[in-house]
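*Asks:*
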Amino acid sequence: MLASVASVELSRWQFGISASFHFMFVPLTLGLSWILFAMESAYLYTGNVIYRDMTKFWGKLFAINFAVGVLTGLSLEFQFGTNWSYYSQYVGDIFGTPLAIEGLVAFMLESTFLGLFFFGWDSLSKKQHLFANFCLALGSSLSALLILIANGFMQHPVGAFFNYQTMRMETGNLWQLIINPIAQIGFIHTVIGGYVTGAVFVCGISAYYILKGRDLAFAKRSFAIAAGFGLIASFMVIFMGDANGLAVAKNQPMKLAAIEAEWHTQKAPAAFNLIAFPSQKEHRNLYAIKIPDMLGLIVAHSFNVQIPGIENLLAENEVKIQNGIKAYGLLQQIRAGNNDPALISNFNQYKDDLGFGLLLKRYTENVTDATPTQIKMAALETVPNVATLFWSFRVMVAIGFFLLLFFMIAVTCLYRGTLWKKNIFLKHAIYAIPLPWIAALCGWFVTEHGRQPWTIYNQLPTDLSASTLGVPDVSLSMITFLLFFTLLFIVELKLMFKFAKLGPSAIHTGKYHFEQEEK
Amino acid sequence: MTEYALLQVLAWVALGAVMVLFSLTGGFDLGAGTLLPFLGKTDKERRVIINIIGPTWDGNQVWLIIIGAGIFAIWPRAYAVSFTGFYFAMLIVLWALFMRPVGFEYRSKLTSQSWRTFWDWALFVGSIVPSIIFGVAMGNLLLGSPFSFDPITLRLNYTGSFFNLLHPFAILCGVLSLSMFLMHGASYLQLRSKGIVHERAKKAAMLLSLFFIALYVLTGALLQFVISGYHVAALPIDPTNNPLANTVTLYKGAWMENYYQHPWMWIAPALGFLGPLFVYINAKNNNKLKCFYMSVVGVIGAVSSIGFSLFPFLMPSSTFPNQSLLVWNSASSKLSLEGILLVALIMLPIIFYYTNFVYKKLWGRDRLMTESVVTDETHSLY
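Chains A and B are the protein sequences, given in the same order.
Per the numbering used here: the first sequence ends with 525, consecutive numbering throughout.
Per the numbering used here: the second sequence ends with 384, consecutive numbering throughout.
1. Are the CB atoms of P390 (chain A) and G456 (chain A) nearer to each other than 8 Å?
2. Does the beta-carbon of M258 (chain B) have 16 or more other beta-carbons within 10 angstroms, so that it is buried, or is it exposed?
3. Within this structure, are the beta carbons of A150 (chain A) and T196 (chain A) separated by less than 8 Å?
4. Whose C-beta lies closer than 8 Å to the C-beta of F113 (chain A) among residues of the same chain, with five residues either side of it excluded?
5. Identify, in the order they occur along the chain, each residue of the same chain with its Cβ nearer than 8 Å to the Cβ of A272 (chain B), setting aside the five sequence neighbours on each side.
6. Could you spell out where the alpha helix (DSSP H) holding I239 (chain B) opens and where it closes?
7. How long is the line joining the alpha carbons of A203 (chain B) and L41 (chain B), rounded to whole angstroms?
8. Quick check on the DSSP output: the alpha helix (DSSP H) that includes V250 (chain B) runs from which residue to which?
9. In the DSSP assignment, the beta strand (DSSP E) including W460 (chain A) goes from what residue to what residue?
10. Below 8 Å, how does it come out for the region 152 to 171 of chain B and the region 80 to 88 of chain A: are there three or more Cβ pairs, yes or no?
11. Alpha carbon to alpha carbon, what distance is there between L320 (chain A) and A189 (chain A)?
12. Give me the Cβ distance between A333 (chain B) and I76 (chain B), rounded to the nearest whole Å; I'm assuming they're in contact under 8 Å.
13. Report the neighbours of A73 (chain A) on chain B: residues whose CB is nearer than 8 Å to its CB, in chain order.
14. Under a CB-based cut-off of 8 Å, is D528 (chain A) close to chain B?
15. Within the 8 Å Cβ cut-off, does G158 (chain A) reach chain C?
16. What did DSSP end up calling F387 (chain B) once you bin it into helix, strand or coil?
17. On the DSSP letters alone, give me the boundaries of the beta strand (DSSP E) that L303 (chain A) sits inside.
18. Expressed to the nearest angstrom, what Euclidean distance is found between the alpha-carbon atoms of L344 (chain B) and G109 (chain A)?
19. Between F309 (chain A) and the rest of its own chain, which residues show a CB-CB distance below 8 Å, the 5 nearest in sequence each way excluded?
20. When the Cα atoms are used, what is the spatial distance from P442 (chain A) to S398 (chain A)?
21. Check whether the region 219 to 236 of chain A touches the region 57 to 66 of chain A, counting contact only when three or more Cβ pairs, one atom from each stretch, lie closer than 8 Å.
22. Rounded to whole angstroms, what's the CA-CA distance from V6 (chain A) to V254 (chain A)? Just pull it up for me.
23. From what residue to what residue does the beta strand (DSSP E) around E176 (chain A) run?
24. What's the call for F283 (chain A), buried or exposed, on a 16-neighbour Cβ count within 10 Å?
25. Report the rounded CA-to-CA distance for A13 (chain B) versus F90 (chain B), giving the unit in angstroms.
26. Kindly indicate if chain B contains any beta-carbon less than 8 Å away from that of I462 (chain A).
27. On the DSSP bridge list, what partners appear for R290 (chain A)?
28. Using the beta-carbon count (16 or more within 10 Å), is S163 (chain B) buried or exposed?
29. Going along chain B in order, which residues have a C-beta closer than 8 Å to the C-beta of Y92 (chain A)?
30. Would you please verify whether the beta carbon of Y57 (chain B) is less than 8 Å from any beta carbon of chain A?
31. Enumerate in chain order the residues of its own chain whose CB-to-CB distance from G28 (chain B) is below 7 Å, with the five nearest sequence positions on each side excluded.
32. Quick one: what does DSSP say L441 (chain A) is sitting in, helix, strand or coil?
33. Taking all protein chains shown into account, decide if I239 (chain B) is buried (16 or more other Cβ within 10 angstroms of its Cβ) or exposed.
34. If you compare alpha carbons, which of A:A106, A:M260, A:M30, A:K296 is closest to A277 (chain A)?
35. Quick check on the DSSP output: what are the complete alpha helix (DSSP H) runs of length 4 or more inside the region 56 to 103 of chain B, in order along the chain?
36. So the candidates are B:L125, B:N243, B:D378, B:V138; which of them puts its Cα closest to the Cα of G343 (chain A)?
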């Protein structure tokens with residue numbers, strides 16, 4: 007028995023809410039941990055106490071952010087089991103592996119050294135403390151790597167095969183799972199996106215102190231370290247984003263076609279839609295501003311490669327659904343106990359498209375007697391929502407380039423020694439703080455929403471993955487999640503603003519602005 | 003036994019060991035968090051307790067996450083059935099756990115008394131709720147859960163509800179696990195503190211160890227004489243490929259069967275009984291360190307004894323016993339198990355090494371947490 011449409015929708019919302027909240031905290035953890043490491047390295051090499059104060063103060067903000075990151079992340083892991091149980095048993099054999107390894111290799115390292123980082127200042131030597139800081143940063147990056155390997159499998163399921171005897175996908179090659187190009191590129195893109203976030207965060211808050219004329223030595227040094235870090239990271243994030251695009255074009259053509267609002271295959275070199283208003287209903291763009299010949303160059307780095315459009319992919323998917331129906335029929339016979347080798351080899355011929363057959367489960371319990379209309383409907387489902395993908399992608403890219411420009415100006419002015427007088431720029435640095443978060447959320451939206459209607463791309467449909475739960479149950483849990491996250495987010499922001507405004511006085515060394523007033 | 007079957011047993015042992023590790027480390031955090039509002043009356047006393055567990059609770063809780071992810075990776079179908087079957091029980095644990103990272107981190111960031119009192123109780127909830135529900139869940143594993151699978155798609159059909167989980171025996175198990183974590187938390191607090199908190203923790207450890215022993219014996223007696231246990235009478239030749247074809251029988255005392263078959267297993271319940279007894283004696287004689295170590299022994303014994311009772315069951319089905327999830331019929335493929343076990347084999351010694359380093363650095367030179375330490379280091383502590 008499948009979960010009802012409403013129940014699946016609610017489980018998706020619940021997971022989407024949790025993942026989005028999680029990624030409000032993760033990028034800063036990823037980026038700030040290495041900025042802390044850079045600051046503390048400066049302390050070790052120069053011996054200047056101000057770098058130690060910087061590590062402590064930004065570390066305080068890091069901790070406020072980290073706490074909520076942990077609990078939102080835990081929510082995701084629980085939900086695979088609670089709300090996506092068929093998914094869990096169908097791919098747990100391979101998907102669970104990176105998650106278990108993440109706990110052992112990364113999260114344990116990060117969490118154990120977190121305590122030492124905050125409470126070990128007096129009991130550790132300088133080098134030992136820097137080492138604790140390093141382990142903290144390394145742990146968070148490794149954690150991202152393993153989670154992105156798991157996510158990469160959902161996007162591009164390599165290293166696994168379907169086993170009809172156990173009715174699940176099983177590990178064929180762990181190494182392939184790890185070096186999955188979507189996973190590796192996605193990891194670097196994500197982590198560097200986190201570095202940009204950390205850099206913008208430190209620059210923005212430091213700019214605030216500079217504008218207020220407080221703790222200038224502290225603020226300028228913080229700004230300078232973060233700006234240098236940010237310039238490299240914002241360049242790299244665009245570079246890796248480009249690589250990510252190439253990998254998507256190769257492995258997830260439907261997602262790419264949706265991102266570019268490319269309804270029909272154009273003859274190469276195809277025009278690139280800079281701006282478009284796609285209509286999902288009519289399968290065309292109501293209005294578009296095009297740049298001739300650019301599409302292939304952007305998504306495949308070639309003028310000759312043809313980029314398939316949605317309509318053409320749709321036709322291919324219909325064929326795959328037909329094959330999937332055959333695969334499903336054969337699977338049913340095998341599962342019923344027929345072990346005829348001819349049957350099995352016939353099944354193996356079609357089994358790659360089994361997932362497409364499973365798309366029909368939503369429309370008919372017995373997939374093999376699907377009507378042509380149902381097949382058409384199931385095929386249409388394989389087109390993700392074009393307008394939302396098209397626009398969220400462009401918002402992300404625009405922010406990426408804007409931040410590159412931002413750091414270029416910052417570093418140039420810093421080099422010339424004129425930065426601290428540029429009040430307008432510094433003001434904008436404060437307003438820029440939310441931008442990397444918006445970009446990250448847009449990016450993840452494109453990645454995950456663009457994967458629909460699959461949880462495992464081309465293998466396992468979302469509808470089938472969900473647990474069979476009642477609508478009241480999932481409604482109640484979804485609202486509770488939303489409530490908890492919203493309240494905790496408000497509390498987190500309240501503390502973050504309070505300590506960011508307070509500045510380095512918050513670490514009580516007696517040297518900084520508000521402590522002078524008190525005396 | 004085939005190599006694959008042996009590997010599955012090894013995975014069971016490894017995951018059991020992680021459960022013991024969580025109960026030992028995360029366990030005293032849960033216990034101390036639950037005792038927080040009672041053993042600490044003033045703000046300073048409470049900060050003594052919070053700072054005893056504060057610097058290391060985060061790493062300790064990762065064992066819990068490894069348990070979850072480990073079940074996911076090693077027995078995906080058991081993960082699927084337990085998490086979705088115990089839907090609200092799982093989510094209530096999760097929501098309670100929400101209170102912990104923020105509770106520790108945010109509580110002492112502001113000085114307002116009502117703010118701090120709020121987070122004290124949040125930490126209390128975040129500690130007591132999982133302590134009880136873990137036991138209730140264990141109780142339900144022993145009782146069996148109402149589930150079956152579609153033979154073609156292996157899709158789960160779970161017919162229970164949240165309130166079905168609250169069977170009196172399961173509640174008893176919940177109180178039992180709470181008392182175990184409380185005893186362990188109190189033993190840890192009396193080890194790390196001095197002064198009034200130490201005195202109170204010592205008394206709590208004495209009281210709670212006796213309470214635990216009484217409940218532990220009662221639970222054992224119920225398992226022997228009252229509760230119907232499950233027993234695997236026969237397995238299909240290839241259990242992984244035929245997960246619904248076991249032959250499982252039910253009878254009173256079946257959960258004690260393993261102990262009669264393998265008498266060496268009695269060591270676990272013996273330690274579960276004797277450890278707490280010596281917690282009492284050592285607490286009374288002011289042997290701080292021995293008291294804590296005996297609590298460690300007790301926890302190892304008690305947690306292992308449940309594992310030994312259940313083996314080879316992961317989750318018995320009360321409605322279709324022949325479809326019960328066993329160590330041998332719901333595990334991941336051989337290659338996955340090898341991968342995970344290899345990583346665990348490499349990582350566990352490394353984790354022990356650095357965790358030991360961290361504890362030594364934080365608690366070296368006989369550091370004890372007292373109200374005066376909290377006063378001196380008020381800005382750098384939780």
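Backbone N, C-alpha and C define an ideal beta-carbon position, used for all residues, glycine too.
*Replies:* Looking at the coordinates:
1. Yes. Within cutoff.
2. Classification for M258 (chain B): buried.
3. yes
4. G145, S149
5. G303
6. No alpha helix (DSSP H) contains I239 (chain B), which DSSP labels as neither H nor E.
7. 7 Å
8. Boundaries for V250 (chain B): no alpha helix (DSSP H) harbours it, while the beta strand (DSSP E) harbouring it runs 249 to 254, taken from the DSSP string.
9. Looking at the DSSP string, the run of the beta strand (DSSP E) that includes W460 (chain A) is 460 to 462.
10. no
11. 26 Å
12. 6 Å
13. Residues of chain B passing the Cβ test: P103, V104, F106, E107, Y108.
14. Because chain A is modelled from 7 through 525, residue 528 (chain A) falls outside the range shown and cannot be assessed.
15. Although the question refers to chain C, the structure presented lacks it and instead comprises the protein chains A and B.
16. Nothing can be reported for residue 387 (chain B): it is not among the residues displayed for chain B, which extend from 3 to 384.
17. Element bounds for L303 (chain A): not the beta strand (DSSP E) but the alpha helix (DSSP H), 301 to 306.
18. 14 Å
19. Closer than 8 Å at the Cβ level, and outside the excluded window around F309 (chain A), lie A274, P275, D299, G302, L303.
20. 13 Å
21. Yes, the region 219 to 236 of chain A is in contact with the region 57 to 66 of chain A.
22. This structure cannot speak to residue 6 (chain A), because chain A is shown only from 7 to 525.
23. Annotation: the continuous beta strand (DSSP E) that includes E176 (chain A) extends over 174 to 177.
24. exposed
25. 28 Å
26. no
27. A:S285
28. exposed
29. A82, R157, L158
30. In the sequence as displayed, the identity of residue 57 (chain B) is Pro instead of Tyr. Chain A contact via Cβ: present.
31. Take G28 (chain B), set aside five residues on each side of it, and the residues of its chain with a beta-carbon closer than 7 Å to its own are N62, Q63, W65, L66, in chain order.
32. helix
33. exposed
34. A:K296
35. 59 to 76, 78 to 87
36. B:N243
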